[in-house]
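A.B. asks:
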Amino acid sequence: MPVRFSDIDQRAFREGLRAYFPTLIAIFSWGLVTGIAMSKSVMTVPQALGMSLLVYAGSAQLAVLPFLTAKLPLWTMLLTATMVNLRFVIFSAGLAPHFSYLPLWRRLLIGYFNGDVIFLLFQKKNFQHGYLPGKEAYFWGMAIASWLSWQLSSTMGILLASLISDKLELGLAGTLALVPVMVSGIATPSILIAVIVAGGVALIAFDLPYRLALPLAVLAALVTRGAIDTVIERTNARPHVHDSIGGSR
Amino acid sequence: MTAKYMWLVIFGMTLVTAFTRAFFLLGGKHTVLPDRAQRALQCAPAAALAAVILPDILKTEQGFSLALSNHAFYAALAGLAWFLWRRTMLGTIIIGMLISIVLRLF
Numbered sequence: 006m007p008v009r010f011s012d013i014d015q016r017a018f019r020e021g022l023r024a025y026f027p028t029l030i031a032i033f034s035w036g037l038v039t040g041i042a043m044s045k046s047v048m049t050v051p052q053a054l055g056m057s058l059l060v061y062a063g064s065a066q067l068a069v070l071p072f073l074t075a076k077l078p079l080w081t082m083l084l085t086a087t088m089v090n091l092r093f094v095i096f097s098a099g100l101a102p103h104f105s106y107l108p109l110w111r112r113l114l115i116g117y118f119n120g121d122v123i124f125l126l127f128q129k130k131n132f133q134h135g136y137l138p139g140k141e142a143y144f145w146g147m148a149i150a151s152w153l154s155w156q157l158s159s160t161m162g163i164l165l166a167s168l169i170s171d172k173l174e175l176g177l178a179g180t181l182a183l184v185p186v187m188v189s190g191i192a193t194p195s196i197l198i199a200v201i202v203a204g205g206v207a208l209i210a211f212d213l214p215y216r217l218a219l220p221l222a223v224l225a226a227l228v229t230r231g232a233i234d235t236v237i238e239r240t241n242a243r244p245h246v247h248d249s250i251g252g253s254r
Numbered sequence: 015m016t017a018k019y020m021w022l023v024i025f026g027m028t029l030v031t032a033f034t035r036a037f038f039l040l041g042g043k044h045t046v047l048p049d050r051a052q053r054a055l056q057c058a059p060a061a062a063l064a065a066v067i068l069p070d071i072l073k074t075e076q077g078f079s080l081a082l083s084n085h086a087f088y089a090a091l092a093g094l095a096w097f098l099w100r101r102t103m104l105g106t107i108i109i110g111m112l113i114s115i116v117l118r119l120f
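What follows is the structure, encoded as structure tokens:
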């Protein structure tokens, strides 16, 4: 059954692909690093490929590897994966007003194929809520670019791991690739403050079990951002008492 | 660890990923947060990345360290400086890796 996409959807899809393109190096190095790490763990090649294809969550996969080596129980691994993935719960709240009109299976797919970079770029577009022609296609342009580059690089990492020396600090390359992505997400001074708070909390809470530090850090950033907004609103509200209430900017 | 157990881990993690990533999308119109909360969410991706990057570049075998022997931290600082100046991702990685290699030589 051939599916016809409108011109708007096709153009938006290509625009999504192009928007994602500059970050390909970041996702590629992370995929490579994750693939190599999986391959050098206790996993067999088919298992590592299966994990990459099915789980499709690099940071959660990396977090669980030491648990596999230490033969810890299943629930500790699932709890850790949940903690590392909790930030996606917050991202899903950001996507919800844009796609709430879609059937359940499409919303589930959009959620599953979302990622840090995709969500960051999607938010920067400042789409209006609700149905908008081409918006879903734009998301899928980014999501498919992300999925393909991740699977390709991760598979390469898994298969080529034995050829790559441990001396090459590929892990550092992966982390370096995330720096520009993070910086481009800092659009306003209030976001910068929230991000600094998140970094601080991540360091202070680093020793907590099950990677609890990560969701705590994101939560702290949200609270900080909310507090800054409240302070700004209060200071702005005083001279403009007659302004309409409920206007959102 | 048996093969069966490993696949259990993989399928379990797949479910966890799908469920957390789709969480607020699952409820459709019932789980749309108010505008205020939506605005606060803008900082979430950058905050999450900071929470991943910072411990990663500061941790050494002796705990968090700002000493010059922690190459990763100074490599990342150099990469950050490059990105703020030139705005290219590839340059950020190359400069960072170069600094890391140079520091290791000393």
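Residue numbers (the working numbering), protein chains in the order written: chain A, 6 to 254; chain B, 15 to 120. Just so you know, even glycine gets a beta-carbon here, dropped at the ideal spot from N, CA and C.
(1) Look up B:I24 in the DSSP assignment and say whether it is helix, strand or coil.
(2) If distances are taken between C-alpha atoms only, which option among A:A86, A:F18, A:S44, A:Y25 comes closest to A:M161?
(3) Looking only at its own chain, which residues have a Cβ that is under 6 Å from the Cβ of A:G139, when we skip the five neighbours before and after it?
(4) Quick check: is the beta carbon of A:R23 nearer than 7 Å to any beta carbon in chain B?
(5) Within 10 angstroms of the Cβ of B:V66, are there 16 or more other Cβ atoms? Answer buried if so, exposed if not.
(6) Does B:T102 come out as helix, strand or coil in the three-state DSSP assignment?
(7) Quick check: A:N90 and B:T34, are their CB atoms within less than 7 Å of each other?
(8) Can you find a C-beta in chain B that's less than 7 Å from the C-beta of A:V36?
(9) Tell me the DSSP secondary structure of B:K73 in three-state form.
(10) What is the residue span of the alpha helix (DSSP H) that A:H103 lies within?
(11) Can you look up A:F132 in the DSSP assignment and give me helix, strand or coil?
(12) What residues from chain B crowd round A:L208, counting only those whose CB sits closer than 8 Å?
(13) Could you give the distance in angstroms between the alpha-carbon of A:L58 and the alpha-carbon of A:Q156?
(14) B:T31 to A:S159, Cα distance in whole Å?
(15) Below 8 Å on the Cβ atoms is my guess for B:F87 versus B:L80; work out the distance and round it to an integer in Å.
(16) Which residue's Cα is closest to the Cα of B:Q56: A:A42, A:F127, A:Q66, A:V60?
(17) Whose CA, out of A:I201, A:S105, A:G40, A:Y143, lies closest to the CA of A:I123?
(18) Which chain A residues sit within Cβ distance under 8 Å of B:S83?
C.D. replies: In terms of the structure at hand:
(1) helix
(2) A:S44
(3) I13, D14, A17
(4) no
(5) It counts as buried.
(6) coil
(7) yes
(8) The sequence given here has Gly at residue 36 of chain A, not Val. So no, A:G36 is outside the interface.
(9) strand
(10) 79–104 is the span of the alpha helix (DSSP H), which, as asked, contains A:H103.
(11) coil
(12) L68, P69, L72, F78
(13) 7 Å
(14) Straight-line spacing of the CA atoms in B:T31 and A:S159 works out to 17 Å.
(15) The Cβ separation is near 6 Å, so the contact holds.
(16) Measuring from the Cα of B:Q56, the nearest candidate turns out to be A:F127.
(17) A:Y143
(18) Neighbours of B:S83 on chain A: none; closest Cβ ~14 Å, over 8 Å.
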